[in-house]
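Presented below is the structure to which this report refers.
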Amino acid sequence: MAAPTLPKTHQALVQATYASPFELQTVPTPEVRHGDAIIKIIVSGVVSYAKQVYDGTRKYPYPTPIVPGTSAIGRVAALGPDSTALSIGQLVLVDGVIRSRDDPSDIFLHGLHEGGRPGSRKLIREVWRDGTWAEYCSVPLEAVFALNESRLISEMGYSMADLATLARYVVPFGGLKDINVSAGETVIVAPATGAFGGGAVQVAVAMGARVIAMGRQESKLMDLKTHFGEKVEVVRITGDVDKDTEQLLKSSRSPIDAYFDVSPPEAIKSTHIKSCIQAVRVKGMVALMGGLHADVPTPLGVIMRKNLTVKGAWMYEREHVIAFLKMLEAGNVRVGELGGLRKVGEFEFAEWNKALDLASERNEWNSFVVIRPSND
Numbered sequence: 001m002a003a004p005t006l007p008k009t010h011q012a013l014v015q016a017t018y019a020s021p022f023e024l025q026t027v028p029t030p031e032v033r034h035g036d037a038i039i040k041i042i043v044s045g046v047v048s049y050a051k052q053v054y055d056g057t058r059k060y061p062y063p064t065p066i067v068p069g070t071s072a073i074g075r076v077a078a079l080g081p082d083s084t085a086l087s088i089g090q091l092v093l094v095d096g097v098i099r100s101r102d103d104p105s106d107i108f109l110h111g112l113h114e115g116g117r118p119g120s121r122k123l124i125r126e127v128w129r130d131g132t133w134a135e136y137c138s139v140p141l142e143a144v145f146a147l148n149e150s151r152l153i154s155e156m157g158y159s160m161a162d163l164a165t166l167a168r169y170v171v172p173f174g175g176l177k178d179i180n181v182s183a184g185e186t187v188i189v190a191p192a193t194g195a196f197g198g199g200a201v202q203v204a205v206a207m208g209a210r211v212i213a214m215g216r217q218e219s220k221l222m223d224l225k226t227h228f229g230e231k232v233e234v235v236r237i238t239g240d241v242d243k244d245t246e247q248l249l250k251s252s253r254s255p256i257d258a259y260f261d262v263s264p265p266e267a268i269k270s271t272h273i274k275s276c277i278q279a280v281r282v283k284g285m286v287a288l289m290g291g292l293h294a295d296v297p298t299p300l301g302v303i304m305r306k307n308l309t310v311k312g313a314w315m316y317e318r319e320h321v322i323a324f325l326k327m328l329e330a331g332n333v334r335v336g337e338l339g340g341l342r343k344v345g346e347f348e349f350a351e352w353n354k355a356l357d358l359a360s361e362r363n364e365w366n367s368f369v370v371i372r373p374s375n376d
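Position 22 of the sequence shown, counted from 1, bears residue number 22 in full-length UniProt numbering, the numbering being contiguous throughout.
Structure below.
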């Protein structure tokens, strides 16, 4: 049932037209519907490429006007009458991945990307358009995950900002689970020095794998090596395909079981994809979760002769979020500052420009920026 204390209006960041600056506006508070929850937002993470998305550089498709923002941490403020598991005031993770209830192939990213199918475009345009950079947000019940507040906050010492980093771990967790990474295996993660690459390294280690982290910047690679120790080896991308393949093989104590790719659009001309595929063992696995927007040279002969399995994955499944939260609450993996990251900035919505600029500047595996409503 709906909580009686919802205000009639609330503050939200609004982008009126595509690629235009945000404005902090007073807007009507969403009304709760069947199958939905209204979440009072506490804090949301700012991905490193948010500036490039919302200024139009990445050309992500989404409707306007729109309230931006994807994953967030908040409390349940109101529930549709068909909710049976959640309760008012409960601490929750708002997941940024939203799917159609009757066709899960229709998927979009809340407040960020409308997906590539007519059904997903219908959902973001007509049902769940506005994202989490607001005081209140309407989301489907399937995208709300209860958090064990006493365990995570009181016992383990996480802050709300720490929990706002969950998406950078859940994304690679889904890809790694898709290729059945297990304890004792060796996995290449490339590129490994950004937020999602670093998250993949940490998650793979938590899953019991040994990781070969690949990237261009030696200083960032050494930060990874220093933090994870003998569980991680590092290899620098030189641009020489065969030389890099050789270095990958030399860095492994055993055959390389899998390659997890999380290449950004800027890596379209990079040679690392071919090097990594060449280094994977016979009957190994390749997971493609990167954001490349064009075709890249791929060693099809190697894939065929080695009987490799190549899997693409856009985001993850609901079951992956549940499994990751179990690992988190059990202490098998640590996130945020307890996991070795540094919160380099926390901003109110009115300071959105600073938040996006800093997140773009500090595109590092061990840095994060968050944004939140005013405390007033």
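For each residue, glycine too, the CB sits at the ideal point set by N, CA and C.
Candidates the options: closest to residue i by CA position
i: G284; options: H34, A16, V181, R33; result: V181
i: A78; options: L91, T70, V335; result: L91
i: F173; options: R342, R318, V344; result: R318
i: G312; options: F260, E126, A267, A350; result: F260
i: L300; options: Y158, V310, F228; result: V310
i: I322; options: A143, Q202, L109; result: A143
i: P28; options: H10, I41, W314, V171; result: H10
i: A330; options: L141, A206, G96, P61; result: A206
i: V333; options: G208, L112, K59; result: G208
i: L6; options: G89, S44, Y18; result: G89
i: L288; options: R305, A50, P264, V302; result: P264
i: residue 378; options: I98, F145, R216; result: Examination of residue 378 is not possible in this model, given that the chain is present from 1 through 376 alone.
i: I124; options: S159, Y62, L328; result: Y62
i: T245; options: L292, L328, K274; result: K274
i: T26; options: A350, A359, L358, A195; result: A350
i: A195; options: A164, I179, S159; result: A164
i: S254; options: R210, G35, A50, I277; result: R210
i: G184; options: A258, V127, A200; result: A258
i: V302; options: Y18, F108, I277; result: I277
i: S83; options: S150, G215, G35, E230; result: G35
i: T271; options: Y60, G215, E230; result: G215
i: S44; options: A72, E230, G198; result: A72
i: D162; options: G197, R129, A85, I42; result: I42
i: Y54; options: L86, V94, H113, S87; result: H113
i: V67; options: G80, Y18, E230, M156; result: Y18
i: L338; options: V94, G197, G157, G80; result: G157
Whole-angstrom C-beta distance between residue j and residue i, which should lie under 8 Å
i: Y136; j: P65; result: At roughly 17 Å, the Cβ-Cβ gap does not stay under 8 Å, so Y136 and P65 are not in contact.
i: G131; j: G69; result: 4 Å
i: residue 384; j: V370; result: Look at the range of the chain in this structure, 1 to 376, and you will see that residue 384 is not part of it.
i: L176; j: V203; result: 6 Å
For residue j and residue i, the rounded distance between their alpha carbons
i: L308; j: R168; result: 27 Å
i: G74; j: W352; result: 19 Å
i: L166; j: G336; result: 8 Å
i: A37; j: K122; result: 20 Å
i: I39; j: S374; result: 16 Å
i: P191; j: V241; result: 15 Å
i: T298; j: W314; result: 19 Å
i: M222; j: K243; result: 20 Å
i: V32; j: T238; result: 53 Å
i: M1; j: L141; result: Any reading at M1 is ruled out, since the residue's pLDDT is 43, under 50, leaving its predicted position unreliable.
i: L358; j: A12; result: 21 Å
i: W133; j: M304; result: 46 Å
i: K269; j: A16; result: 35 Å
i: E230; j: V201; result: 13 Å
i: A267; j: H293; result: 10 Å
i: E155; j: V94; result: 22 Å
i: R117; j: D295; result: 20 Å
Residues of its chain near residue i, where Cβ-Cβ distance is below 7 Å and the 5 sequence neighbours each way are ignored
i: S252; result: T186, I212
i: A355; result: V46, G345, F347, V369, I371
i: V170; result: Y316, H320, V321, F324
i: D178; result: A287, K311, A313
i: S48; result: G194, A195, A359, S360, N363
Residues near residue i in its chain [Cβ-Cβ closer than 8 Å; skip 5 each side]
i: K225; result: A213, V232, E233, V234
i: G119; result: S100, D103, S105, D106
i: I256; result: T186, V187, I188, I212, L248, L249, A279, V280, R281, G284
i: K220; result: T193, E364, W365
i: H227; result: G340, N366
i: K8; result: P28, T29
i: R151; result: E329
Cβ shell of residue i (< 6 Å), same chain only, five flanking positions each side left out
i: E23; result: V14
i: S20; result: none
i: E218; result: R236
i: G290; result: D261, V262, S263
i: H110; result: T70, G96, I98, G131
i: N148; result: E329
i: T57; result: none
i: K306; result: V282
i: K51; result: L356, S360
i: G199; result: R168, Y169, P172
i: A3; result: Low confidence applies to A3: its pLDDT is 49, below 50, so where it sits in the model is not reliable, and the reading given next is rough at best. Answer for A3: A77, A78, I88, listed in chain order.
i: M160; result: I42, V43, I73
Chain C within 9 Å of residue i, Cβ atoms only
i: R58; result: Structure shown: chain C not included; a single protein chain is present.
In the UniProt domain "Alcohol dehydrogenase-like C-terminal" (197-328), which residue ranges form an unbroken alpha helix (DSSP H) of at least 4 residues, counting only runs that do not cross its ends? Taken in chain order, the complete alpha helix (DSSP H) segments of 4 residues or longer contained in the UniProt domain "Alcohol dehydrogenase-like C-terminal" (197-328) are 218-228, 241-250, 272-279, 300-305.
Report the start-end ranges of each alpha helix (DSSP H) in the UniProt domain "Alcohol dehydrogenase-like N-terminal" (35-147) that is 4 residues or longer and not cut off at the edges. 50-54, 118-126, all fully within the UniProt domain "Alcohol dehydrogenase-like N-terminal" (35-147).
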